[in-house]
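Residue numbers (this note's numbering): 2 to 413. Glycine included, C-beta positions come from ideal geometry on N, C-alpha and C.
Written out as structure tokens, the structure reads:
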């Protein structure tokens, strides 16, 4: 019984969310402890007074010494035991006053030792382990030693009381120490849970930040590969129309029609980005059809090899965006006289796209500030593919994008 009640004080010493729950539980449990203390005190007082007989005056003195324990507990002990970390000096003062009343009473009347069931837990609750064990030893051993010196009992009574005191001491020490170790482990686990909870919130925050960053990068790639290139085409067409208005009206009208088509295409791409839908070129069309329209807008030739089949959206979108980026780079850097060719190859386990031009070329190992090539490689990596750029100054450029596919299952 005493060992169980020694749980209450240390059990409050938790952190984080568990601290709030522990404090609330203790606010309710202290009333149970008050009731337990009152019952133990009343039972002890009753046993002492009922004994009576020839030792009536002595037992009255013993009972009188027990009476101040109640106001002493209410005035000092109760508040002390509710503290998360009891003050050691106040604890020693409280337990010292308690023992000054309990020990003389227990020497005068053996029944007073029943009060130890209420005092032993308080030692574990208010003191550190070493001092608590000293106090518990004193509570269990001193009453028997004082009783033997005062009353000089016969050997059998002395042996019985001594064995009872030793068993009580052993039980209090072992069980009390064991429960305290369990409580300390519980405190450590509560702290660990609080740290894990904080880490979980931090991971959640970082995950949200990473997701936002990844989404910004995705949107940047989409805008670069669609809207930005479309606006670049519009600017180039505007410049061409301005140069042709005075001397070549048919060519200017053709470029105006291209401007109209490009603007509509950009509008469709913007709506697809907002809706999170597939690219406008792939809406209701196959990948080769989308590449044919794209090749026509850029004056490039398209060749398709292998059996065309419907593929998952991921590889088709990557192939289309990669072709858009490669064609934009060819138009921007290869030079106006350069010819551009597109080749799309369907295999059982891969989809491969080549975009070749015979323009000026460049050194792929040279530092590059642009976003396009890095975005092209990133797109291919996202679906487990690869993107390679082969070029030499004056020798043209070839962009190769290889995307893995699930093998085609032949019908039996």
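query	result
Can you tell me which residues form a DSSP beta bridge with residue 387?	403
Taking all protein chains shown into account, decide if residue 179 is buried (16 or more other Cβ within 10 angstroms of its Cβ) or exposed.	exposed
Leaving aside the five residues before and after residue 259 along the sequence, list all residues of the same chain whose C-beta is less than 6 Å from its C-beta, in chain order.	238
Roughly how many angstroms separate the alpha carbons of residue 293 and residue 303, rounded to a whole number?	6 Å
Once the 5 residues before and after residue 105 are set aside, which same chain residues still bring their CB inside 7 Å of it?	66
From this set, 124, 263, 69, which residue's C-alpha is nearest residue 170's C-alpha?	124
Along the chain, where does the beta strand (DSSP E) that runs through residue 303 open and close?	302-306
Assess, as a yes-or-no matter, whether the region 141-149 is touched by the region 102-119 under the definition of 3 or more beta carbon pairs within less than 8 Å.	yes
Quick check: the region 342-357 against the region 314-327, are at least 3 beta-carbon pairs closer than 8 Å?	yes
Taking residue 129 as part of the alpha helix (DSSP H), name the residues at either end of that continuous run.	No alpha helix (DSSP H) contains residue 129, which DSSP labels as neither H nor E.
By how many angstroms is the C-alpha of residue 197 removed from the C-alpha of residue 173?	35 Å
In three-state terms, what does DSSP make of residue 63?	helix
Please indicate yes or no: does the CB of residue 292 lie closer than 7 Å to some heavy atom of the ligand HEM?	Because no ligand of any kind appears in the structure shown, any question about the ligand HEM cannot be addressed here.
Specify, as a first and last residue, the run of the alpha helix (DSSP H) that residue 319 falls within.	314-330
Under a three-way DSSP split, which group does residue 392 fall into?	strand
Using only alpha-carbon positions, find the residue among 271, 377, 128 that is nearest to residue 218.	377
On the CB-based measure, 16 or more other CB atoms within 10 Å of its CB, does residue 161 come out buried or exposed?	exposed
Beta-carbon separation of residue 41 and residue 103 under 8 Å?	no
I need the straight-line Cα distance from residue 87 to residue 184, nearest angstrom please.	16 Å
Report the option in 85, 120, 335, 307 whose CA atom is closest to the CA atom of residue 98.	120
In this structure, does DSSP put residue 397 in helix, strand or coil?	coil
Could you spell out where the beta strand (DSSP E) holding residue 153 opens and where it closes?	Segment: none, residue 153 is in no beta strand (DSSP E) and carries neither H nor E.
Hey, quick one: how far does the alpha helix (DSSP H) through residue 290 stretch, first residue to last?	288-299
Quick one: what's got a C-beta closer than 6 Å to residue 246's C-beta in the same chain, skipping five residues either side?	253
Cα-Cα, which of 334, 39, 139, 43 is closest to residue 393?	334
Take residue 396 and list the residues in its own chain whose beta-carbon comes closer than 6 Å to its own, dropping the five residues that flank it on each side.	362
Residue 230: buried (16+ other C-beta within 10 angstroms of its C-beta) or exposed?	buried
Going by DSSP, what residue range makes up the alpha helix (DSSP H) through residue 98?	89-109
What's the C-alpha gap between residue 213 and residue 220?	10 Å
So is residue 266 buried or exposed if we call it buried at 16+ other beta carbons inside 10 Å?	buried
In chain order, what residues of the same chain lie with their CB nearer than 6 Å to the CB of residue 50, ignoring the 5 residues before and after it?	64
Taking residue 380 as the reference, which of 81, 128, 225 has the closest Cα?	225
Beta carbon of residue 343, beta carbon of residue 291: below 8 Å?	no
Going straight from the alpha carbon of residue 206 to that of residue 200, what length do you get?	10 Å
Cα separation between residue 399 and residue 204?	42 Å
Does the beta-carbon of residue 189 have 16 or more other beta-carbons within 10 angstroms, so that it is buried, or is it exposed?	exposed
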